[in-house]
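Colleague:
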Ligand SMILES: *Cc1c(COP(=O)(O)O)cnc(C)c1O
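In full-length UniProt numbering, the protein residues as written are 1 to 449.
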C-alpha cells in the first residue's frame with residue numbers, strides 16, 4: 001500500500017452539481033423527519049453515498065472535501081483498504097460470539113496494540129467497549145474499584161459523552177444536558193488552562209490555572225476522596241482548547257502524589273490526530289488510564305480503556321464488559337486502521353497537515369479580525385471567532401462561515417462552549433491539493449461573512 005488515500009478508489013475531487021442539499025437529499029430528509037427522532041441532529045443534511053480518502057460523495061453526486069472525518073473517526077479514510085479487507089474477512093468468518101462467552105484472537109491483538117502504542121513502558125492491560133462514553137464510564141468504574149474512593153474531577157469545557165454519568169462529566173448544558181437530569185453524583189468541575197481567555201494572559205495561564213484547580217480539589221473535594229481526574233489532553237467539543245503548557249504535568253503530578261488515577265480522555269485527540277499517537281505525549285504525560293474510541297477502528301464502533309495492569313485488574317471478574325464490547329468485526333477494522341497508520345506514517349502526515357493549516361490560518365488571522373485565535377495541533381486545528389476588536393464570542397459568524405463552506409462543498413464542523421469555534425479534522429490521508437482547496441474556500445467564506 002503506497003498511495004496516500006489509504007486505498008480509496010473514489011475520485012479525490014470537490015464537485016458541486018446541485019444546490020446543497022440536492023433533490024435526493026431533500027427527499028430523504030423528508031422521510032427522515034417523519035421516522036427519526038428530532039433529538040438526533042445533523043450538521044449538514046446531505047445524505048452520504050460513498051466516502052474515502054479526503055472526500056464524501058452524496059446521493060446527488062456532489063463530492064465534499066471532508067474536514068470533519070465524521071468527528072475525528074475516519075482518520076485513515078472512510079473506506080481504507082486494510083480496514084475493508086480485514087473487516088470483510090472477519091464478517092465472512094463470524095460476526096459475533098460475545099467475548100464474554102467465547103473469546104477470539106482479534107480482541108487480544110487490539111489490546112496488545114494498545115499496550116504497545118499508548119505512552120509508558122509499564123505493564124498495561126485493556127478492556128474494549130462500543131462507544132467513547134462507555135469507555136469513560138468504565139474508566140470511572142475501574143478507578144473507583146482500584147482506589148476505593150468515589151469522587152471524580154473534571155474540567156470546565158470538558159466533554160465526555162451523553163450517557164448519564166458522562167453527561168455529569170460534561171461541562172456544556174445545551175445541547176448535551178438540558179432537561180436530562182438528575183445527573184450522577186460525586187462529580188466535581190474545576191478550571192482548565194484556556195490560554196486565550198485566561199484573565200491574566202496565556203503566559204501565566206498554565207501555572208495559575210493548575211494552582212486554582214488543585215486548590216479547589218483540596219478545599220472542595222479533599223484529595224483523599226478523589227478516585228480519578230479525567231481530562232482531554234486537547235479539549236474537543238469544548239473548543240479545541242490546548243491546556244496551556246505546564247497545566248497537564250502539574251495535574252498529573254498532583255494525581256500521582258495523592259493516589260488519584262489520572263485518566264487521559266484521548267477519544268478525539270488520539271490515534272495520530274494531533275501529530276503524535278496520543279496528544280498527552282506532547283508534554284511527556286504518562287496517564288494511568290487512557291480512553292480511546294473515534295479514530296481507533298476506521299469508522300467501526302470500538303472503544304477502549306487501557307492502563308496500568310494493577311489498576312485495570314482491580315475490577316472483579318464479570319464487573320466489566322457488555323454484549324458487543326470488542327466486536328470481532330470492529331477489532332479486525334481496528335487492526336486494519338492501525339496497520340494503515342503505521343504504513344502511511346499518519347503521525348507525520350498529521351504534523352504536515354497541521355503546519356499547512358496553521359500557516360494559512362495564521363495569515364488569514366492577520367487579514368480578518370474576527371479570527372481571535374488559531375490553535376490546535378496536527379490535524380486537530382480550529383479558529384475561534386469573535387466580534388471585531390473584542391474577545392466577545394461570535395457564534396453567528398461561525399454558523400454563517402460553516403454554512404458558506406457547506407454550500408461550496410467543504411464539510412466543516414463547529415464546536416466550543418460558546419459555539420464560536422470552527423474546527424478542522426480532515427482525514428489524515430487527505431491529499432495536499434484538497435487540503436489547500438479547502439483552505440481557499442475558508443478564506444473566501446471569511447471575506448464574504
Ligand atoms: C466523542 C467523545 C466522547 C464520547 O464518545 P461517543 O463514542 O460519542 O460516546 C468522549 N470523550 C471525548 C473527548 C469525545 O470527543
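Cβ atoms here follow ideal geometry from the backbone N, Cα and C, with glycine treated the same way.
(1) Expressed to the nearest angstrom, what Euclidean distance is found between the alpha-carbon atoms of residue 54 and residue 424?
(2) What does the alpha-carbon distance come out to for the pair residue 40 and residue 179?
(3) With a threshold of 16 other CB atoms inside 10 Å of the CB of residue 91, please say whether the residue is buried or exposed.
(4) Go through its chain and collect everything with a Cβ distance to residue 127's Cβ below 6 Å, but skip five positions before and after it.
(5) With C-beta atoms as the reference, is residue 264 less than 9 Å away from residue 152?
(6) Report the option in 381, 56, 38, 37 whose CA atom is closest to the CA atom of residue 46.
(7) Alpha carbon to alpha carbon, what distance is there between residue 226 and residue 412?
(8) Distance check for residue 257 and residue 60, CA to CA, integer angstroms please.
(9) Taking only heavy atoms of ligand 1 into account, decide whether any of them is closer than 8 Å to the Cβ of residue 276.
(10) Around the C-beta of residue 17, are 16 or more other C-beta atoms found within 10 angstroms, so that it is buried, or is it exposed?
(11) Please go through the same chain and pick out, in chain order, the residues whose beta-carbon is closer than 7 Å to the beta-carbon of residue 309, but skip the five residues on each side of it.
(12) Judging by CA-CA distance, which residue of 391, 166, 386 is the nearest neighbour of residue 503?
(13) Quick one: residues in its chain with C-beta nearer than 7 Å to the C-beta of residue 156, no 5 flanking neighbours on either side, listed in chain order?
(14) Per DSSP, which one or two residues make a beta bridge with residue 376?
(15) Hey, would you say residue 333 sits closer than 9 Å to residue 359, going by beta carbons?
(16) Does the Cβ of residue 219 have 16 or more other Cβ atoms within 10 Å, making it buried, or fewer, making it exposed?
(17) So the candidates are 351, 289, 397; which of them puts its Cα closest to the Cα of residue 233?
(18) Here's the rule: buried if 16 or more other CB atoms are within 10 angstroms of the residue's CB, otherwise exposed. What is residue 58?
(19) Is any non-hydrogen atom of ligand 1 found closer than 8 Å to the C-beta of residue 136, if you look at the structure I gave you?
(20) Does the region 107-119 come within contact of the region 239-257, defined as at least 3 CB pairs closer than 8 Å?
(21) At the level of alpha carbons, what is the spacing between residue 429 and residue 396?
(22) Whether or not the region 59-77 and the region 334-343 are in contact is what I'm after, with contact meaning three or more pairs of Cβ atoms, one per stretch, closer than 8 Å; do they touch?
(23) Three-state secondary structure (DSSP) at residue 196?
(24) Residues bridged to residue 104 by DSSP?
(25) If we count the other Cβ atoms within 10 Å of its Cβ and call it buried at 16 or more, is residue 7 buried or exposed?
(26) Buried or exposed, going by whether 16 or more other CB atoms sit within 10 Å of the CB of residue 341?
(27) Please go through the same chain and pick out, in chain order, the residues whose beta-carbon is closer than 7 Å to the beta-carbon of residue 347, but skip the five residues on each side of it.
(28) Alpha helix (DSSP H) containing residue 441: first to last residue?
(29) Taking 8 Å as the line, does the beta carbon of residue 156 fall inside it for any heavy atom of ligand 1?
(30) Taking only the alpha-carbon atoms, compute the straight-line gap between residue 317 and residue 101 and give it to the nearest angstrom.
(31) Looking at residue 293 and ligand 1, is the gap between the Cβ and the nearest heavy atom below 8 Å?
(32) Could you pull the start and end residues of the beta strand (DSSP E) that residue 188 belongs to?
(33) Taking residue 268 as the reference, give the member of 262, 287, 291, 249 with the closest Cα.
(34) Mark residue 19 as exposed unless 16 or more other C-beta atoms lie within 10 angstroms of its C-beta, in which case mark it buried.
(35) Can you tell which of 406, 375, 427 has the C-alpha that lies nearest to the C-alpha of residue 444?
(36) CB residue 195 to CB residue 250, shorter than 9 Å?
Modeller: In this structure, then:
(1) 13 Å
(2) 15 Å
(3) exposed
(4) 305, 320
(5) no
(6) 56
(7) 38 Å
(8) 58 Å
(9) no
(10) exposed
(11) 123, 124, 125
(12) No information on residue 503 is available, as it lies outside the stretch 1 to 449 that the chain covers here.
(13) 171, 189, 191, 192
(14) 381
(15) no
(16) exposed
(17) 289
(18) buried
(19) yes
(20) no
(21) 31 Å
(22) yes
(23) helix
(24) Looking at the DSSP assignment, residue 104 forms no beta bridge with any residue, so it has no partner.
(25) buried
(26) buried
(27) 272, 275, 276, 277
(28) 432-448
(29) no
(30) 13 Å
(31) yes
(32) 187-190
(33) 291
(34) exposed
(35) 406
(36) no
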